[in-house]
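Only one structure is covered here, and it is reproduced in the block below.
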Amino acid sequence: MDNAVDRALTAAPDTTRAVLSIGSNMEDRWALLRTVTREFTGQIVAISRVYSTPPWGVEDQAEFLNAVVIVEVPEEPLALLRRCQKLEEEAQRVRVRTWGPRTLDVDVVQAHRGGREVLSADPVLTLPHPWAHQRAFVLVPWAEADPAARLNGEPVAHWLGALPEGEAEQIVPLGPLDSAAGENEAEEARP
54 MDNAVDRALT AAPDTTRAVL SIGSNMEDRW ALLRTVTREF TGQIVAISRV
104 YSTPPWGVED QAEFLNAVVI VEVPEEPLAL LRRCQKLEEE AQRVRVRTWG
154 PRTLDVDVVQ AHRGGREVLS ADPVLTLPHP WAHQRAFVLV PWAEADPAAR
204 LNGEPVAHWL GALPEGEAEQ IVPLGPLDSA AGENEAEEAR P
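Following my numbering, the numbering of the sequence shown begins with 54 at its first residue and continues without gaps.
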């Protein structure tokens, strides 16, 4: 298959191809997600549609909007994580409760440096993301952005099939991130 994602795997040794899972369930969610694509303008290899997703881990909060953005950047994965965390800080993300509400969440799910997968057990940046294979809100958009993607040696489609029955069906596509959908989002957060 000759597509942009495949070509990124053969990128120069001094570039990182990374899968970013982005999400928001507070304030203007569409606008907050768009801050990520603006930050990586010219470095995006592929992007999924935006999906409405139920909260994961802590259910007494508003639904999320989630997407996957695949980028090719000059930074090492840890420097990329810091860049993503800066976006979260600029969105005034406050880390009060694990898996709680957030203005913006930008996770580095997987990274390849010079075409080789980066594996890391570092607690600051564990790669691949230790829970990605259990999260429909990551897997569904990732499979759309890169149908040939693999995680932990298996196709992402394998992990989708291993989810509890009905979980992937709760991930509802809304539209492209660059569309007019969600423009001036004014809906109230639903518990």
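All residues carry an ideal CB built from backbone N, CA and C; glycine is no exception.
The structure displayed is predicted, hence computed values, not measured ones.
> In chain order, which continuous runs of the alpha helix (DSSP H) of length 4 or greater are located wholly inside the stretch 85-131?
Replying inline: As summarised for the stretch 85-131, there are no continuous alpha helix (DSSP H) elements at least 4 residues long confined to that stretch.
>> In the DSSP assignment, the alpha helix (DSSP H) including Ala215 goes from what residue to what residue?
In response: DSSP places Ala215 in the uninterrupted alpha helix (DSSP H) bounded by Val209 to Ala215.
> Considering only the beta carbon of each residue, do Val121 and Ala71 sit closer than 8 Å?
Replying inline: Against a cut-off of 8 Å, the Cβ pair of Ala71 and Val121 comes out as no contact.
>> For a quick check, are the C-beta atoms of Ile123 and Ala198 less than 8 Å apart?
In response: Contact flag set, yes.
>> Can you give me the C-alpha to C-alpha distance between Ala185 and Ala201, rounded to a whole angstrom?
In response: Their Cα atoms are separated by approximately 16 Å.
> What number of angstroms, rounded off, separates the C-alpha of Phe117 from the C-alpha of Glu143?
Replying inline: Straight-line Cα distance between these residues: approximately 19 Å.
>> Since Pro226 and Arg102 should fall inside the 8 Å C-beta cutoff, what is the C-beta to C-beta distance between them, to a whole number of angstroms?
In response: Rounded to whole angstroms, the Cβ separation of Pro226 and Arg102 is 5 Å, and the two are in contact under 8 Å.
>> In the DSSP output, what is Val161 paired with across the bridge?
In response: Under the DSSP definition of a beta bridge, Val161 partners with Leu73.
> DSSP state of Leu230, grouped into three classes?
Replying inline: Leu230 falls in the coil class under three-state DSSP.
> Under the three-state reduction of DSSP, which class applies to Arg188: helix, strand or coil?
Replying inline: DSSP places Arg188 in coil when its eight states are reduced to three.
> Are the CB atoms of Trp109 and Phe190 nearer to each other than 8 Å?
Replying inline: Yes.
> Run through DSSP, which three-state label would Val20 get?
Replying inline: Beyond the ends of the chain as shown, which are 54 and 244, falls residue 20; an answer cannot be given.
> How many Å lie between Glu170 and Asn205 at the Cα?
Replying inline: Answer to the nearest angstrom: the Cα atoms are 10 Å apart.
> Whose C-beta lies closer than 7 Å to the C-beta of Leu172 among residues of the same chain, with five residues either side of it excluded?
Replying inline: Apart from the 5 residues on each side of it in sequence, Leu172 sits with its Cβ closer than 7 Å to the Cβ of Leu180 in its chain, given in chain order.
>> Using C-beta distances below 8 Å, list every residue in its chain close to Asp67, excluding the 5 sequence neighbours before and after it, in chain order.
In response: So the list reads Pro127 and Gly167, once near-sequence residues are dropped.
> Leu172 by DSSP, collapsed to three states: which one?
Replying inline: Leu172 falls in the coil class under three-state DSSP.
> Helix, strand or coil: how does DSSP classify Arg135 here?
Replying inline: Three-state DSSP puts Arg135 in a helix.
> Pro176: buried (16+ other C-beta within 10 angstroms of its C-beta) or exposed?
Replying inline: Looking at its Cβ environment, which holds fewer than 16 other Cβ atoms inside 10 Å, Pro176 is exposed.
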